[in-house]
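Participant: Sharing a structure, written as structure tokens. Questions coming.
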Amino acid sequence: MRPPARHACRRRDPRRDLRRLRRRRRLPPHGHPVGAAPRHLRVAPRCPSDYPLQTDHQAKHKAGPGACGWKANAAHAATHVTVTALVLAAGIAVLGMDVDLATVVGALLWIGATHAVIDRRWPVARWMSFARQPKFAEHGGAAHVDQTAHVTALAVAALALAAI
Numbered sequence: 182m183r184p185p186a187r188h189a190c191r192r193r194d195p196r197r198d199l200r201r202l203r204r205r206r207r208l209p210p211h212g213h214p215v216g217a218a219p220r221h222l223r224v225a226p227r228c229p230s231d232y233p234l235q236t237d238h239q240a241k242h243k244a245g246p247g248a249c250g251w252k253a254n255a256a257h258a259a260t261h262v263t264v265t266a267l268v269l270a271a272g273i274a275v276l277g278m279d280v281d282l283a284t285v286v287g288a289l290l291w292i293g294a295t296h297a298v299i300d301r302r303w304p305v306a307r308w309m310s311f312a313r314q315p316k317f318a319e320h321g322g323a324a325h326v327d328q329t330a331h332v333t334a335l336a337v338a339a340l341a342l343a344a345i
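Under this note's numbering, the letters of the sequence shown match residues 182 to 345, in that order.
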């Protein structure tokens, strides 16, 4: 049996790739793509908004029926959008990014709307039913599917912000 070709085993040097990207002016001198900043600025406020800043009342009632449920849901989504806007504004100011205000507002509206719909819990339940995951749902899987849906919605917003 012949040994594999030499080039198949050769590893790429990541420093070489960074140097090539810097020459093409796709990376700043410190090596971090500026395009990744909106994603990090967008994902950073997710945990404070979902956990320490969410009241017990919001957590208990945000999926509930009627005006009480929608009010708790809207308050939680508004907290999420407010924290995200503050972190995003600070990041844009510190990094000196040139952004389109309409895209930022659209991303914040998308984040608030999707967060509110996902937190009503019926989308997660329907997805788990559609995906035939009843045992996963019984063992706490809904929380994982919920967070996956939130992160997916945030990724869409981050892509929109990174495209500007």
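For each residue, glycine too, the CB sits at the ideal point set by N, CA and C.
Using C-beta distances below 7 Å, list every residue in its chain close to A266, excluding the 5 sequence neighbours before and after it, in chain order.
Facilitator: Excluding positions up to five away in sequence, the list reads L289.
Participant: Taking C-alpha atoms, which residue in G277, P315 and D300 lies nearest to T329?
Facilitator: Selected option, being the one with the closest Cα: D300.
Participant: Any idea what DSSP makes of P233, helix, strand or coil?
Facilitator: Three-state DSSP puts P233 in coil, outside helix and strand.
Participant: Go ahead and pull the three-state DSSP assignment for H320.
Facilitator: Looking at H320 - three-state DSSP - the assignment turns out to be coil, as it is neither helix nor strand.
Participant: Output the distance between the C-alpha atoms of A339 and H320, rounded to the nearest integer angstrom.
Facilitator: Distance between the alpha carbons of A339 and H320: 31 Å.
Participant: Starting from G293, follow the alpha helix (DSSP H) in both directions and report where the run begins and ends.
Facilitator: That run of the alpha helix (DSSP H) goes L282 to I299.
Participant: Just reading off the alpha helix (DSSP H) that R307 is part of, what are its end residues?
Facilitator: Note, R307: alpha helix (DSSP H), W303 to F311.
Participant: Can you tell me whether H331 is buried or exposed? The criterion is at least 16 other CB atoms within 10 Å of its CB, across all chains shown.
Facilitator: So H331 ends up on the buried side.
Participant: Whose C-beta lies closer than 6 Å to the C-beta of P233 among residues of the same chain, with five residues either side of it excluded?
Facilitator: There are no such residues.
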